[in-house]
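Everything below concerns the one structure shown next.
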Amino acid sequence: MSITNFVTLFVVLLAGHSNAFADPPVAGGPPARLDLEDSRFAALKPHRELIEHRKLLRGFVSIAPLPGGRQAIVLRGLTATTPLMFFLDTSGRVELVDEEPIRGFKGYNYGAAVVAGPGEDVLLYWFGTEHRAIHGRLFSSKGAILWTTALAAITMDHRDKEIRFDNIETVHWKGQGWLLVNCDRVACYIRLFDWTGKPRWSQPLVLDCPHQTAVTLLQDTKSTVFMSWVQFSRDAERHQHNSYFANRITNAGKFVWNEAVRLGEAPSYYMTGPQKPEFRLHAQGVEAVLSRGTAGDAIYNVTKYHVVVGPDGKLY
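Take a look at the structure:
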């Protein structure tokens, strides 16, 4: 999910379908971290005391742009701290603060993030250890809870099946619902939910891709979503050879391409985490802004490069 809200109209022809977005989506990019000196978060400055008390300074920020220029913002820490949820009006001022957006759940709760829904509704989702599930809670534009449900049960019985808290991704699929992807050490599980939180497919779509990370989702046509991830690998001498891969998902729960398409080289990373790419709609398909090099605390030498992925999987 991107924090950028574009207002230029894109008309994109993909796979023979014309698909116009009033707010052209952009997916991926580096995760936003809270800095109250950043002009994007100036409206939160009056709430510094509360944010500091919750240990959320420099924490992660999830932003859902809403119709008319409003925004929903969720702040979460690096650990299982209780998140904060803000609603901003069209002028960028805070109009509502929810200090307990996941109230009613015990145990540890991780990875809270927010994504737009139908109209001005907002979906908050997170992983909770109490029920070992990814939960969804829909809020109205006024902050009222409309419903809460378990979107996906998670198995945590074996080390090779443990959930990755940084590998849960959701996109608002216009006209369809929400596409939710969660990954463990061996695969990614893809589910589509309607506006009431009920699954639209009888079984999740499974992507077998061990040692993956940095999942990114972008709706590219009315009936498909573009999905990308970083595949991590090492050679016999423990040198990293990481790659970006992608596929497209239909609203019928199928992959468009029989095999995932390799987009290009991804950086080796040490301590900093993988470099999440950025995707945007393009006249020929989807444009990817990728990185290569080395990303680490001691050495950071990363360069960016561009690839356009056609609806048939060809690279330009």
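Position 308 (the sequence shown) corresponds to 334 in the working numbering; numbering is contiguous.
Glycine included, each C-beta is placed from N, C-alpha and C at the ideal position.
query	result
Taking C-alpha atoms, which residue in L233, V232, I216 lies nearest to P225?	I216
Can you tell me which residues form a DSSP beta bridge with V148?	A142, F165
Just the C-alpha distance for Y326 and K302, rounded to the nearest angstrom, thanks.	15 angstroms
Given a cut-off of 8 angstroms on the beta-carbon distance, is the pair Y151 and G143 in contact?	no
If I follow the unbroken beta strand (DSSP E) through E121, where does it start and stop?	120-124
Does the stretch 232-249 come into contact with the stretch 195-214, if we say contact requires no fewer than three beta-carbon pairs (one atom in each stretch) closer than 8 angstroms?	yes
Rounded to whole angstroms, how far is the Cβ of S269 from the Cβ of Q257, which I believe are closer than 8 angstroms?	5 angstroms
Restricting to Cα atoms, I'd like to know which of L92, L104, R119 is closest to F67.	R119
Once the 5 residues before and after C209 are set aside, which same chain residues still bring their CB inside 7 angstroms of it?	R190, N193, Q238, V241
Since I believe D220 is in contact with G201 (beta carbons under 8 angstroms), could you give me their beta-carbon distance rounded to a whole number of angstroms?	That pair is no contact at about 11 angstroms.
Give me the residue from V141, L206, A159 with the minimum Cα distance to Y134.	A159
Determine the DSSP secondary structure at R129, reduced to helix, strand or coil.	coil
Is the beta carbon of L110 closer than 8 angstroms to that of R84?	no
Please say whether H332 and V315 have beta carbons closer to each other than 8 angstroms?	yes
Under three-state DSSP, which class holds I194?	strand
Let's see if you can read the secondary structure: which residues bound the alpha helix (DSSP H) around I78?	The sequence as given places Glu at residue 78; Ile does not occur at that position. Segment 74-79, the alpha helix (DSSP H) holding E78.
Could you tell me the distance, in whole angstroms, from the CA atom of L149 to the CA atom of F112?	13 angstroms
Can you give me the Cβ contacts of L39 inside the same chain, cut-off strictly under 6 angstroms, excluding the 5 residues immediately before and after it?	The predicted model places L39 with a pLDDT of 30, which falls under 50 and marks its position as unreliable, so this point remains unresolved.
Buried or exposed for E75, going by 16 or more other Cβ atoms inside 10 Å?	exposed
For Y342, does the three-state DSSP call read helix, strand or coil?	coil
For A90 and Q97, what's the separation of their Cα atoms in angstroms?	6 angstroms
Under DSSP, the beta strand (DSSP E) around N273 begins and ends at which residues?	268-276
Does K71 come out as helix, strand or coil in the three-state DSSP assignment?	helix
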